[in-house]
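Peer 1:
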Amino acid sequence: MKYFILFTLFLISQNVLAQDCSQTSTGFIPIADLGKDTFQNFTGGKYPNGSNAIPLVHYNKGIELSKQIQPLNIHGDIDTSNGGKIGFLVLGFSTAAMTGRYFRNMNEILGINNKVEVIIGAQGGQDINAMTSEKSTYWRNTDSIIQSNKLSAKQIQVVWISTGDILNYKLPFPDQSTSQIEKYRFMLMNIKIFYPNIKMVFISDRTYAGYIGNENGPQKLKEPTAYYTSWTVKWLIEKQIKNEPGFTYSEIPFMDWGPMLWTDGEKGNTNGYTWNCDDAGKGGIHPSSKGRAKEAMLLYLFFTQHPYTKNWLYELSK
C-alpha cells in the first residue's frame, strides 16, 4: 500500500500523461453560484445559510488581524527598515506551487509592497496527508525553503493553500468532503505551531479536474473529487465561524476563503471564469503555462481587492 501511494504521487508530480478533453463540464454548480439552492440537499454559498458575504463577526476579526500585519525581522520583532519582511507562504501540492510561482512573478512585474516576500513552500506529490503530522518531512522541507529565501519562520504572517486528498476518493458525498476537515484542522494546528506570528490563512479549493480521463492522469484526483473539495473548504471555514471546539481563533489560525479555483470547465461560473482543456497540462491535473497565468491573475485580482490584504500587500514599491 505504501509503495502504491508513492507511485501515485510520483505520477502526479511528474504529470507524464496526456489530458482528456472529452469532459468539458460536469454539470455541477460552483457553490458560490449555488447560493441558497442545494446540491444533494446541502445548501450552497461560501458561508452559512447560502450567503457569499463574510459574516460580520468573522469579517471584523479578519480586519483586526490585517491591521496587525507589519514587517518583522528574523526574530519576529517589528522592523520597518529594509530588513523587515512580511512572509507570504504558499502551501499545498504541485498545482499550488506552479500557480504560486506565476503569482510571485506577476507581483514583481505589476507592483507589490517591497517588504512582502512570497515564498513557495508547496511541494510536488505532497497532498493534505503529508501535512497533518507535526513531524512530517513536508514541514522540514518548507523550513528549508523559507531559510533559502533568507527569512525565518517568525516572519511568516500570511498563508495561501490549495491541496487535495488522494486517500478518500472512493467515499461518496458528503463523506468525502467531511472526512477531510479533520485533516485540514491538523494542518492548521501545525501552521500555528511552526509560524508563531501567523495572522491569517487563505484556503482555496481545487482546480477543475474533468480533463483527467478514465485511462490517464491521477485517477484519485479526478472529478468529482475536485468539486467535493469546495464543500470541504466551505464547511471547514463555517466551523470557525460557528466557534466550534477545535476550530476557534485561539486553537487554529484565522482562516477564510482564498480565490475559488473550481469552475465547471468550459461552462464556467457566473463571473465568466472557465477552465478549458488547454488550461490543463499533461495528465489533466497540472495547469499548462496558459492555465498557470490564468490562475495567477485570479490570485492577483483576489488579493488586490480583498479587504484583509489590499491595504498592505499591494503598496507600490518605493
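In my numbering, the protein residues as written are 751 to 1068.
By construction, the Cβ of each residue, glycine as well, lies at the ideal position given by its N, Cα and C atoms.
No experiment lies behind these values; they were computed from the predicted model shown.
Could you have a look at residue 954 and say whether DSSP puts it in helix, strand or coil?
Peer 2: coil
Peer 1: Is residue 999 buried or exposed, if buried means 16 or more other CB atoms sit within 10 Å of its CB?
Peer 2: Exposed.
Peer 1: So, at 6 Å on beta carbons, what are the nonlocal neighbours of residue 839 in its own chain, with the 5 sequence-adjacent residues on each side left out?
Peer 2: 869, 871, 906, 909
Peer 1: Apart from the five residues just before and just after residue 855, which ones in its own chain have a Cβ nearer than 8 Å to its Cβ?
Peer 2: 1046
Peer 1: Judging by CA-CA distance, which residue of 933, 901, 859 is the nearest neighbour of residue 913?
Peer 2: 933
Peer 1: Tell me whether residue 907 sits in a helix, a strand or coil according to DSSP, three-state version.
Peer 2: strand
Peer 1: Roughly how many angstroms lie between the CA atoms of residue 898 and residue 792, to the nearest whole one?
Peer 2: 45 Å
Peer 1: Quick one: give me the first and last residue of the beta strand (DSSP E) that residue 1025 is part of.
Peer 2: Here residue 1025 belongs to no beta strand (DSSP E), and DSSP marks it neither H nor E.
Peer 1: Give the DSSP-derived three-state secondary structure of residue 814 in the structure shown.
Peer 2: helix
Peer 1: Assuming residue 979 and residue 1006 form a contact by the criterion Cβ under 8 Å, report the distance between their Cβ atoms to the nearest whole angstrom.
Peer 2: Rounded, the Cβ-Cβ distance is 16 Å, inconsistent with contact.
Peer 1: Of all the options 1051, 825, 1018, 875, which has the alpha carbon lying nearest to the alpha carbon of residue 904?
Peer 2: 825
Peer 1: Going residue by residue through the stretch 954-1029, where are the continuous alpha helix (DSSP H) segments of at least 4 residues, counting only ones entirely within it?
Peer 2: 975-991
Peer 1: Residue 927: buried (16+ other C-beta within 10 angstroms of its C-beta) or exposed?
Peer 2: By the neighbour-count definition (other C-beta atoms within 10 Å, threshold 16), residue 927 is a buried residue.
Peer 1: What's the call for residue 806, buried or exposed, on a 16-neighbour Cβ count within 10 Å?
Peer 2: exposed
Peer 1: Excluding the five sequence neighbours on either side, which residues of its own chain have a C-beta within less than 7 Å of the C-beta of residue 865, listed in chain order?
Peer 2: 821, 834, 835, 836
Peer 1: So, at 6 Å on beta carbons, what are the nonlocal neighbours of residue 911 in its own chain, with the 5 sequence-adjacent residues on each side left out?
Peer 2: 841, 842, 953
Peer 1: Over what stretch of residues does the beta strand (DSSP E) that includes residue 895 continue unbroken?
Peer 2: Under the DSSP assignment, residue 895 falls outside any beta strand (DSSP E), being part of the alpha helix (DSSP H) whose first and last residues are 887-898.
Peer 1: Among residues of its own chain, excluding the 5 on either side of residue 1016, which ones have a beta-carbon nearer than 7 Å to its beta-carbon?
Peer 2: 774, 775, 1024, 1026
Peer 1: To the nearest angstrom, how far is it from the Cα of residue 1038 to the Cα of residue 800?
Peer 2: Roughly 33 Å between the two C-alpha positions.
Peer 1: Using the Cα positions of residue 923 and residue 930, report the straight-line distance between them to the nearest angstrom.
Peer 2: 12 Å
Peer 1: Name the residue from 827, 789, 790, 812 whose alpha carbon lies nearest to the alpha carbon of residue 946.
Peer 2: Nearest in C-alpha terms to residue 946, of all of 827, 789, 790, 812, is 827.
Peer 1: Would DSSP call residue 1054 helix, strand or coil?
Peer 2: Of the three classes helix, strand and coil, the one that applies to residue 1054 here is helix, per DSSP.
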